[in-house]
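Remarks on the structure that follows.
Numbering (this note's numbering), first residue to last: 352 to 499.
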């Protein structure tokens, strides 16, 4: 009986040599794998949490192409593991905002300046706003330099 009960206890995720959790090979939402998204019937790669290894198809996670590009650049965390990008804690999760461009989490009170209410509509973190500004300035520099 002791072994039986032990098999149901949640154990720490196995970590790879890079310190990241080994990714699950199935989607937590549709239960498909990278060869088949059960919702769309298409093959689709999985995004995996760097802390627990839970995985999901980008379409099941409702990730935009912009968000997918961003998520590949850092140690992405699922909703269960998500912590604030400023203070590093997951406490007061009702105060966590998620960036609509990169899916990083931020406590409203850790932002500078702090927010007291969640914003209406979409919200982008400072990292994404800087990237967006840089891209906009590149586009502005290239304007008028096309073929005449």
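All C-beta atoms, glycine included, are put in the ideal place defined by N, C-alpha and C. Note that this is a predicted model, so its numbers are computed, not measured.
- request: Pair every Cβ in the segment 380-388 with every Cβ in the segment 414-431, then say whether three or more of these pairs are closer than 8 angstroms.
  value: With a cut-off of 8 angstroms, the segment 414-431 and the segment 380-388 do not count as touching, because too few Cβ pairs lie within range.
task: Using three-state DSSP, classify residue 371 as helix, strand or coil.
output: As a first step, residue 371 is located in the chain shown; it is residue number 20 there, counting from the start. In the structure shown, the three-state DSSP call for residue 371 is coil.
Beta-carbon gap between residue 364 and residue 403 smaller than 8 angstroms: Within the chain shown, numbered from 1, the residue matching residue 364 stands at position 13. Within the chain shown, numbered from 1, the residue matching residue 403 stands at position 52. It is a contact, given that the beta carbons lie within the stated cut-off.
task: Please work out which residues of its chain come closer than 8 angstroms, Cβ to Cβ, to residue 479, disregarding the five sequence neighbours upstream and downstream, and give them in chain order.
output: To locate residue 479, count along the chain shown from 1; it is residue 128. Around residue 479: 421, 450, 452 and 453.
- prompt: When DSSP builds the beta bridges, which residues end up paired with residue 387?
  reply: For the purposes of this step, residue 387 is taken as residue 36 along the chain shown, with counting starting at 1. Partner(s): 384.
field: Three-state class that DSSP yields for residue 458 in the structure shown
entry: Mapped onto the chain shown, residue 458 falls at position 107. Here residue 458 sits in strand by DSSP.
CA-to-CA distance, residue 391 to residue 405, given in whole angstroms: Taking the first residue of the chain shown as position 1, residue 405 is located at position 54. Taking the first residue of the chain shown as position 1, residue 391 is located at position 40. Rounded to whole angstroms, residue 405 to residue 391 spans 20 angstroms at the Cα level.
- request: Name the one or two DSSP bridge partners that residue 397 has.
  value: Residue mapping note: residue 397 aligns to position 46 of the chain shown, counting from 1. Answer by DSSP bridge pairing: none, since residue 397 is not bridged.
message: Once the 5 residues before and after residue 471 are set aside, which same chain residues still bring their CB inside 7 angstroms of it?
response: If you number the chain shown from 1, residue 471 lands on position 120. Counting only Cβ-Cβ distances below 7 angstroms, and skipping sequence neighbours, we find nothing.
message: Only counting the same chain, and skipping five residues up and downstream in sequence, which positions put a Cβ closer than 6 angstroms to that of residue 496?
response: Residue mapping note: residue 496 aligns to position 145 of the chain shown, counting from 1. Unreliable positioning characterises residue 496 in this predicted model, as indicated by a pLDDT of 48, which lies under 50. The coordinate reading is nonetheless provided below. Here the set comprises nothing.
- request: Please say whether residue 433 and residue 447 have beta carbons closer to each other than 8 angstroms?
  value: Walking along the chain shown from the start, residue 447 turns up at place 96. Walking along the chain shown from the start, residue 433 turns up at place 82. Contact flag set, yes.
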